[in-house]
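A.B. asks: Quick one: this structure, given as C-alpha cells, is what I'll be asking you about.
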Amino acid sequence: MYEYQVGGSLAADNPTYIERNADGALYRALVQGQFCYVLSSRQMGKSSLRVQTRHRLEASGQGRCAAIDMTRIGSHQLSREQWYQGLAFDLHRKVGRRPSVNLPAWWQGLGELPPVQKLSQFIEEVLLQGPCQERLFIFLDEIDSVKGLSFAVGDFFGLVRFCHNAQAEQGAYRRLTWALFGVATPRELVADAGQTPFNIGQGITLGGFTLAEAAPLQSGLAAIAQAPEAVLAQVLHWTGGQPFLTQKLCRLLQEHYRQVPIARGTEAMAVAKLVRSHIVHHWEAQDEPEHLRTMCDRILGDDQRAGRQLSLYQQLLSQGYLKADGSDDQAQLRLSGIAIDRDGRLQITNPIYAAVFDSDWVSQRLSERRPYAAALNAWVASHCQDESRLLMGQALQEALAWAAPKHLSELDYRYLSASQEWDTKMVRMELAAQEKANQMLAAAQQKATQIIWLGYLSLGTCLVISVIALLTSLLR
Numbered sequence: 001m002y003e004y005q006v007g008g009s010l011a012a013d014n015p016t017y018i019e020r021n022a023d024g025a026l027y028r029a030l031v032q033g034q035f036c037y038v039l040s041s042r043q044m045g046k047s048s049l050r051v052q053t054r055h056r057l058e059a060s061g062q063g064r065c066a067a068i069d070m071t072r073i074g075s076h077q078l079s080r081e082q083w084y085q086g087l088a089f090d091l092h093r094k095v096g097r098r099p100s101v102n103l104p105a106w107w108q109g110l111g112e113l114p115p116v117q118k119l120s121q122f123i124e125e126v127l128l129q130g131p132c133q134e135r136l137f138i139f140l141d142e143i144d145s146v147k148g149l150s151f152a153v154g155d156f157f158g159l160v161r162f163c164h165n166a167q168a169e170q171g172a173y174r175r176l177t178w179a180l181f182g183v184a185t186p187r188e189l190v191a192d193a194g195q196t197p198f199n200i201g202q203g204i205t206l207g208g209f210t211l212a213e214a215a216p217l218q219s220g221l222a223a224i225a226q227a228p229e230a231v232l233a234q235v236l237h238w239t240g241g242q243p244f245l246t247q248k249l250c251r252l253l254q255e256h257y258r259q260v261p262i263a264r265g266t267e268a269m270a271v272a273k274l275v276r277s278h279i280v281h282h283w284e285a286q287d288e289p290e291h292l293r294t295m296c297d298r299i300l301g302d303d304q305r306a307g308r309q310l311s312l313y314q315q316l317l318s319q320g321y322l323k324a325d326g327s328d329d330q331a332q333l334r335l336s337g338i339a340i341d342r343d344g345r346l347q348i349t350n351p352i353y354a355a356v357f358d359s360d361w362v363s364q365r366l367s368e369r370r371p372y373a374a375a376l377n378a379w380v381a382s383h384c385q386d387e388s389r390l391l392m393g394q395a396l397q398e399a400l401a402w403a404a405p406k407h408l409s410e411l412d413y414r415y416l417s418a419s420q421e422w423d424t425k426m427v428r429m430e431l432a433a434q435e436k437a438n439q440m441l442a443a444a445q446q447k448a449t450q451i452i453w454l455g456y457l458s459l460g461t462c463l464v465i466s467v468i469a470l471l472t473s474l475l476r
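Under full-length UniProt numbering, the first residue of the sequence shown carries the number 1, and numbering increases by one thereafter.
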C-alpha cells in the first residue's frame, strides 16, 4: 500500500517526495557555484530538499557533499573556540579528505589564532588540499541554532562570504560551494552588512505544492476515491499545498475512507468533514506529529513581540490580505508558517490555519497578554469614542511600564496614546478646578476679612459714640 510520510526528512528514494520549482532552482544555482540559502518556516520540506539535492549532485558527478546538522554541534554552554572546532571536526569527518591529518593536534598547533581564522586555515589547508580535486558542496542544516549561542557568529558568516568572493581570484575556492538551511531571517543570523553573505547569495523560496507537482500523491488516493485527482484538489485547497499538512491529510483520508470510498462529486464534502473532525476540532489533542503547536509557539513564544504578531494576524483574518512590505513583523509571521507572500500580498497560508487560529483564538490570546484588554475592547466597541474606557493615573502608569519593552500593535499604541492625552487633559482640568476653587476660597477669605474689619469699625464707632455720650452726660 502507498504510504504517506508525515514529518521528518524523506529519503532520496521515497516515492512521496514531491519535486517543486525549488528543487531545480537550488540544483542549478549550486552547480553554477552560487552561495544558496533556504530560509523558511518549519516543516516546509527544507531537510528533504537538502537530501534530494545532495543525492542529485553526487549521482550526476558534480562533486562530493558534506551535510551537517548544526544542532549536532550544539549551542548552549559552548565557547567560541569549541563551536568553531566542532564545526571543523564535523566537516573533516563528513568530507573524509586527508585522513592522515591529526586534526586535534593540527588545530592546537595554530596556537592563539582567533577561532574563525583557524576554521579559514582548515578550509584552505585541509578541505581544499590533497590529490582529489572534485568539487565540495557544504550543506549546513538548522543554521538558526546559532541564535542560541552566547557569542556572535558574524565572523563565521563573513568567512562564508569570503569563500564565495574568493572564487573570482583563487582557483581552489571555485570547488567550494555553501548552502544554508534554517528557520530565520538573514538579519536574525547576521546584522552587519559587511559580513553577511545573504546579499550576494541566492535565496531559494519554498512554496506549497501545486496540483501538477502533487500529482504523484494521487497514487495513495486511488483506492479510496472514484476521482482521486478531485480529492487531491480538495486536499490542496485546505492545506494550501503545505507539505506536512498535505501528507497528513492524505494519510487521514486513506485511513478513514478505506472501507467506503469517496463517491464522485462528494469530494469537497468528504475532505471538509475530515478536516473539521480530525484536524480543526480539539486540535490540541489531535496535533500529532506536532505541527500546529509548533506554529503557535513560534507566534506566542517571544513575549516582547507576541502582541504585535497577534494584532498583525488579526488584521489578516479581518481583511483577507495585507500588502507585503518586507517588514520584520511580516517576515516573522511568515517564518511561523501561518502567513505567506503571494504575489505581493501577505495572506493566511491555508484555510486550516484560519479555522484553527480563528478570531476567537486571537482575541483570547490578546486578552491574556494585555493587562487592559477589557478596557481596550470596550473602547474599540465604542468606535474609540468612549473616553471613560481610557486609562488614567496608576492604571495608565502600570500599562505604560508593561508596554515599554514590548513591540505592540498600532491599536495598542493608539489606545495608550489616547489614554495619555485623556489623562493629561483630566489632570489639567483637575488643576484648573483646583485653581478656581483656590481663587474662590481666597476671594471668600478676603470678603470675610473685609466683613470682619467692617465689624471692627462699626464696633469701634459705637464705642466712641457711647464714650462721647457718657462724657456729655457727666459734664451736665
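We put the CB at the ideal spot given by N, CA and C, even for glycine.
1) Pick helix, strand or coil for C65, following the three-state DSSP scheme.
2) What three-state label does DSSP hand I224 in the structure shown?
3) Look up A470 in the DSSP assignment and say whether it is helix, strand or coil.
4) From the DSSP secondary-structure annotation, give me the bridge partner or partners of C36.
5) Is the distance from the Cβ of L333 to the Cβ of L312 below 8 Å?
6) Which whole-angstrom value is the C-beta distance of G241 and G208, which I expect to be below 8 Å?
7) Quick check: what's the CA-CA separation for Q394 versus Q202?
8) I465 to A444, Cα distance in whole Å?
9) Look at the Cβ atom of S419, then the Cβ atom of G307, and state whether they are nearer than 8 Å.
10) Grab the span of the alpha helix (DSSP H) containing Q330 for me, first residue to last.
11) With 16 as the cutoff for other CB atoms within 10 Å, does G337 come out buried or exposed?
12) Measure the alpha-carbon distance for E213 versus V116 and round it to whole angstroms.
13) Would R64 and L128 qualify as a contact pair, given that the criterion is a beta-carbon distance under 8 Å?
14) If you draw a straight line from the C-alpha of A469 to the C-alpha of L457, how long is it?
15) Apart from the five residues on each side of it in sequence, which residues of its chain come closer than 7 Å, Cβ to Cβ, to V356?
16) Are the beta-carbon atoms belonging to W379 and L390 less than 8 Å from one another?
17) Under 8 Å Cβ to Cβ from E58, same chain only, skipping five residues before and after it: list those, please.
18) Check whether the Cβ atoms of F89 and I200 sit closer than 8 Å, and answer yes or no.
19) Who are L136's beta bridge partners in DSSP?
20) Candidates I138, L211, P197: which alpha carbon is nearest V31's?
21) Only counting the same chain, and skipping five residues up and downstream in sequence, which positions put a Cβ closer than 7 Å to that of A399?
22) Could you tell me which residues DSSP pairs with A395 in its beta bridges?
23) Can I224 and Y257 be called in contact, C-beta distance under 8 Å?
24) State the CB to CB distance for the pair S9 and S40, rounded to an integer number of angstroms; the pair is presumed to be in contact (CB under 8 Å).
25) Give me whichever residues DSSP pairs with Q259 in a beta bridge.
26) Express the C-alpha separation of L317 and G344 in angstroms, rounding to a whole number.
27) Compute the Euclidean distance between the alpha carbons of L110 and K118, then round it to the nearest angstrom.
28) Within a Cβ cutoff of 6 Å, which residues of the same chain sit near D192, ignoring the five residues on either side of it in sequence?
29) What's the C-alpha gap between A105 and L78?
30) Spell out a yes or no on whether the stretch 266 to 281 and the stretch 226 to 241 are touching, meaning 3 or more CB-CB pairs, one atom from each, closer than 8 Å.
31) Please name the residue or residues paired with L322 in a DSSP beta bridge.
32) Count the other CB atoms within 10 Å of the CB of H383; is the residue buried (16 or more) or exposed (fewer)?
33) Check the DSSP bridge columns for I340 and list the partner residues they point to.
34) Under a Cβ-count criterion, where at least 16 other Cβ atoms within 10 Å of its own Cβ denotes burial, should I204 be classed as buried or exposed?
35) Count the CB pairs spanning the stretch 138 to 151 and the stretch 182 to 198 that are closer than 8 Å, and state whether there are at least three.
36) Closest by CA to D328, which one among D386, I352, E435, H407?
C.D. replies: Taking the geometry as given:
1) strand
2) coil
3) The amino acid at residue 470 is misidentified as Ala; the sequence shows Leu. L470 falls in the helix class under three-state DSSP.
4) A179, Q202
5) yes
6) 3 Å
7) The C-alpha of Q202 is placed about 52 Å away from the C-alpha of Q394.
8) 31 Å
9) For S419 and G307, no; Cβs fall outside 8 Å.
10) 328 to 336
11) By the neighbour-count rule (16 or more Cβ atoms within 10 Å), G337 is buried.
12) 42 Å
13) No.
14) 18 Å
15) V280, W283, L292
16) Against a cut-off of 8 Å, the Cβ pair of L390 and W379 comes out as a contact.
17) R64, C65
18) Against a cut-off of 8 Å, the Cβ pair of I200 and F89 comes out as no contact.
19) R64, L176
20) I138
21) P371, Y372, L391, L416
22) Answer is none; A395 lacks a bridge partner.
23) yes
24) Rounded to whole angstroms, the Cβ separation of S9 and S40 is 15 Å, and the two are not in contact under 8 Å.
25) In the DSSP output, where bridge partners are listed per residue, Q259 has none listed.
26) 17 Å
27) 7 Å
28) G154
29) 20 Å
30) yes
31) Partner(s): L346.
32) exposed
33) The partner list for I340 (beta bridge, DSSP) reads Q347.
34) buried
35) yes
36) Nearest of D386, I352, E435, H407 to D328, Cα basis: H407.
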